[in-house]
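With our numbering applied, the sequence shown covers 143 to 486. Glycine included, every Cβ here is placed at the ideal spot set by N, Cα and C. Since this is a predicted model, take the numbers as computed values, not measurements. The next block holds one structure in the form of structure tokens; read it before the comments.
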Amino acid sequence: MKLNLCILCLASIAFYWVISAAADGTSSIKPIDKNTSLEEARIALGAAPLIHHMDAFDAELAVVGEQLIIQGKANYKEFKGKRISSYFVCTDCHNLGLETLELTSVSQQDRLDYAVQNKIPFLPGSTLFGVYNRTSFYNDDYDKKYGNLVFGARDSLRNAIQLCAEYCASGRTLLDWELEAMMHYFKREELTLKDLQLTTDEMDLVSTASNKTAKIKDAALSVLNDHYVTAYRAHFPGAMNENKRTYGATGNALNGKKIYESSCMFCHGNARVTYLNLENDVLSGSFLWNNKEGYGDKSIYQVIRWGTYPIAGRKQYMPLYTTEKLTDGQIEDLLAYIKQLANK
Ligand code: HEC
Ligand code: HEC
């Protein structure tokens with residue numbers, strides 16, 4: 143009798159345990175709301191996970207990753223960090239936050255105005271904000287610059303980071319923990335539905351679609367796809383032909399000043415990452431104005447579209463601006479400002 147009672151009580155404990163586990167199971171399917179990560183929402187709607195999908199997240203490692211990106215080196219546990227590059231940190235060429243009011247805007251002028259208003263630099267590299275959610279890197283013409291190297295990096299965020307550390311930053315191969323730390327930082331900063339700027343109707347559709355028909359889920363997924371950039375396009379048109387240049391005659395000097403100050407001077411001011419010092423003065427203006435013709439490295443038309451290349455013994459180089467980052471019209475704006483600066 144005593145034994146029977148005990149079995150009964152064990153059985154009821156087991157029963158309770160199974161029930162509560164089941165209850166936990168259902169409550170762990172979180173409802174989709176503004177704070178849901180984009181990746182989580184996409185998976186709930188039936189999309190395949192990203193190639194670099196990360197299940198686990200380590201907040202401590204993310205802080206180390208942030209340090210590596212901004213300061214160029216960090217310590218972690220027993221590892222003493224060494225500089226990734228003697229010449230650059232990642233934020234010399236990439237911002238880490240939003241670059242346009244609308245997440246999907248790829249307008250060069252929107253990006254310039256946003257940079258000036260928010261006092262952030264206007265850079266040749268794309269922002270790393272939301273990079274975790276992208277599916278393709280170094281797109282289009284970047285194979286002209288990096289050849290076969292880009293093929294392994296196009297669909298893999300880990301390889302894209304590694305390529306940039308070694309080649310764009312003229313640095314070294316990242317150690318495993320450094321690469322993982324950066325990945326955890328990007329995971330921490332991944333897009334959430336609030337970043338996507340959805341309308342109330344769109345948010346309603348997305349938040350209720352996960353237990354509806356495949357057709358409704360697909361509709362919700364395509365709403366999400368329309369609200370962020372999965373790949374930044376990149377085209378290299380080469381230096382503007384001499385017979386097309388107006389040397390600033392068609393440009394707006396006020397707009398050119400914005401480019402000069404928030405882009406060129408970010409690197410060249412106080413000769414920060416290069417020997418070439420560019421200031422808001424007649425000396426710098428005259429140097430650029432006097433070299434504007436032809437296709438030499440010192441001509442603005444040339445250097446903007448080709449950048450310069452790292453050479454042995456001199457590994458700092460200038461990254462080029464794609465048409466997606468700077469238009470030919472904006473180059474003329476810059477020339478109009480340089481002309482003014484040079485008192486010509
Ligand atoms: C000297 C400039 C420069 C430096 C320094 C630099 N990058 Fe880049 N990076 C670029 C350019 C240019 C691209 C080309 C694609 C783009 O950003 O539009 C790029 C691309 C990338 C991409 C792919 C982005 C995309 O959407 O195609 C990642 C990721 C990246 N860099 C990470 C890093 C990290 C991490 C560091 C620091 C270790 C770093 N970069 C340092 C210039 C630079
Ligand atoms: C990401 C940093 C960066 C930005 C932004 C940048 N530059 Fe450069 N630039 C460099 C580096 C590095 C060099 C290579 C010079 C060296 O060897 O130190 C260079 C080289 C040059 C040269 C060639 C110098 C020579 O002697 O051949 C010119 C001209 C130039 N930049 C103008 C500009 C102008 C104009 C802008 C703005 C549209 C600009 N740069 C934006 C980093 C930058």
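**Prompt:** CB of R456 to nearest heavy atom of ligand 2: below 8 Å?
**Reply:** Stepping through the sequence shown from its first residue, residue 456 is reached at position 314. Flag set: Cβ of R456 near ligand 2.
**Asked** How many Å lie between L321 and I212 at the Cα?
**Response** Here residue 321 corresponds to residue number 179 of the sequence shown, with the count starting at 1. Here residue 212 corresponds to residue number 70 of the sequence shown, with the count starting at 1. Straight-line Cα distance between these residues: approximately 14 Å.
**Prompt:** Going by beta carbon distance, what residues of the same chain come within less than 8 Å of L291, once the five residues before and after it are set aside?
**Reply:** Numbered from 1 along the sequence shown, position 149 holds the residue referred to as residue 291. Scanning its chain for C-beta atoms nearer than 8 Å, with the 5 sequence neighbours on each side dropped, one finds around L291 the residues L305 and Y309, in chain order.
**Distance, L180 Cα to W319 Cα** = Taking the sequence shown and counting its residues from 1, one reaches residue 319 at position 177. Taking the sequence shown and counting its residues from 1, one reaches residue 180 at position 38. Their Cα atoms are separated by approximately 26 Å.
**Asked** According to the neighbour-count rule (16 or more other Cβ atoms, all chains shown, within 10 Å of its Cβ), is H453 buried or exposed?
**Response** Mapped onto the sequence shown, residue 453 falls at position 311. The sequence shown places Ile at residue 453, not His. That one is exposed.
**Request:** Output the distance between the C-alpha atoms of M244 and K176, rounded to the nearest integer angstrom.
**Result:** Position 102 of the sequence shown, counted from the start, is the residue given in the question as residue 244. Position 34 of the sequence shown, counted from the start, is the residue given in the question as residue 176. As written in the sequence, residue 244 is Glu, which differs from the Met given in the question. Approximately 17 Å, taken between the alpha carbons.
**DSSP state of R447 mapped onto helix, strand, coil** = Translated into the one-based positions of the sequence shown, residue 447 becomes position 305. Residue state, collapsed to three classes: helix.
**Message:** Within the continuous alpha helix (DSSP H) that includes M460, where are the two ends?
**Reply:** Numbered from 1 along the sequence shown, position 318 holds the residue referred to as residue 460. Unbroken run through M460: none, as it is neither H nor E.
**Message:** Tell me which residue opens and which closes the alpha helix (DSSP H) that L478 is part of.
**Reply:** Here residue 478 corresponds to residue number 336 of the sequence shown, with the count starting at 1. Looking at the sequence itself, residue 478 is Ala, so the reference to Leu does not match. Looking at the DSSP string, the run of the alpha helix (DSSP H) that includes A478 is D470 to L483.
**Prompt:** Does any heavy atom of ligand 2 sit closer than 8 Å to the C-beta of N433?
**Reply:** The sequence position of residue 433 within the sequence shown is 291, counting from 1. Indeed, a heavy atom of ligand 2 lies less than 8 Å from the Cβ.
**Message:** So, for Y479: in the same chain, excluding its five sequence neighbours on each side, which residues have a beta-carbon less than 6 Å away from its beta-carbon?
**Reply:** By one-based count along the sequence shown, residue 479 stands at place 337. Cβ neighbours of Y479 beyond the five flanking positions: A395, G398, K399 and Y402.
**Message:** Just verifying my parser: in three-state terms, what is the DSSP assignment at I358?
**Reply:** Along the sequence shown, one-based indexing puts residue 358 at 216. In the structure shown, I358 sits in a helix (DSSP, three-state: H, G or I).
**Message:** Taking the beta carbon of S268 as the centre, do at least 16 other beta carbons fall within 10 Å, making it buried, or is it exposed?
**Reply:** Position 126 of the sequence shown holds residue 268. Result: buried.
**Message:** Tell me the rounded alpha-carbon separation between L338 and A198.
**Reply:** By 1-based counting over the sequence shown, the position of residue 338 is 196. By 1-based counting over the sequence shown, the position of residue 198 is 56. So the two alpha carbons sit approximately 23 Å from each other.
**Asked** How is F378 classed by DSSP in three states: helix, strand or coil?
**Response** Walking along the sequence shown from the start, residue 378 turns up at place 236. Here F378 sits in coil by DSSP.
**Asked** Are the beta-carbon atoms of Y327 and A183 separated by less than 9 Å?
**Response** Along the sequence shown, read from residue 1 onward, the residue named residue 327 stands at position 185. Along the sequence shown, read from residue 1 onward, the residue named residue 183 stands at position 41. The answer is no: Cβ separation not under 9 Å.
**Message:** What does the alpha-carbon distance come out to for the pair R296 and R375?
**Reply:** Position 154 of the sequence shown, counted from the first residue, corresponds to residue 296. Position 233 of the sequence shown, counted from the first residue, corresponds to residue 375. The alpha-carbon atoms of R296 and R375 are separated by roughly 12 Å.
**Item:** Best match in A302, W431, A216 and V348 for proximity to I473 [C-alpha to C-alpha]
**Value:** The count along the sequence shown starts at 1 and reaches residue 473 at position 331. Nearest C-alpha to I473: W431.
**Prompt:** In three-state terms, what does DSSP make of T277?
**Reply:** For this step, residue 277 is matched to residue 135 along the sequence shown. Looking at T277 - three-state DSSP - the assignment turns out to be coil, as it is neither helix nor strand.
**Request:** Check whether the Cβ atoms of A323 and A216 lie closer than 9 Å to each other.
**Result:** Indexing the sequence shown from 1 puts residue 323 at position 181. Indexing the sequence shown from 1 puts residue 216 at position 74. Yes.
**Local Cβ density within 10 Å of N301, reported as buried at 16 or more and exposed below that** = Here residue 301 refers to the residue found at position 159 of the sequence shown. Around the beta carbon of N301, 16 or more other beta carbons sit within 10 angstroms, so the residue counts as buried.
**Request:** Report the rounded CA-to-CA distance for P461 versus S405, giving the unit in angstroms.
**Result:** Counting from 1 along the sequence shown, the entry for residue 461 is found at position 319. Counting from 1 along the sequence shown, the entry for residue 405 is found at position 263. The alpha-carbon separation between P461 and S405 amounts to approximately 12 Å.
**Prompt:** A381 CB to nearest chain D CB: under 9 Å?
**Reply:** Of the protein chains in this structure there is only one, and it is not chain D.
**Prompt:** Would you say S441 touches ligand 3, meaning its beta carbon is less than 8 Å from a heavy atom?
**Reply:** In the structure shown, ligand 3 is absent; the only ligands present are ligand 1 and ligand 2.
**Request:** Quick one: give me the first and last residue of the alpha helix (DSSP H) that D285 is part of.
**Result:** Here residue 285 refers to the residue found at position 143 of the sequence shown. It spans Y284 to Y288 - the alpha helix (DSSP H) in which D285 sits, taken as one unbroken run.
**Pairwise C-alpha distance: T178 and T355** = Counting from one through the sequence shown, the residue named residue 355 turns up at place 213. Counting from one through the sequence shown, the residue named residue 178 turns up at place 36. Rounded to whole angstroms, T355 to T178 spans 21 Å at the Cα level.
**Message:** Can you give me the C-alpha to C-alpha distance between A163 and K222, rounded to a whole angstrom?
**Reply:** Within the sequence shown, residue 163 is the residue found at index 21, counting from 1. Within the sequence shown, residue 222 is the residue found at index 80, counting from 1. Note that A163 has pLDDT 43, beneath the 50 cutoff, so the model's placement of it is unreliable and the number below is only indicative. Spanning the two alpha carbons is a distance of roughly 44 Å.
**Reduced DSSP category for F199 - H, G, I as helix; E, B as strand; rest coil** = Here residue 199 refers to the residue found at position 57 when the sequence shown is read from its first residue. The answer is coil: DSSP assigns F199 none of H, G, I, E or B.
**Message:** Does the distance between the C-beta of T341 and the nearest non-hydrogen atom of ligand 1 fall short of 8 Å?
**Reply:** Sequence index remark: in the sequence shown, residue 341 carries index 199 (1-based). T341: no, Cβ never under 8 Å from ligand 1.
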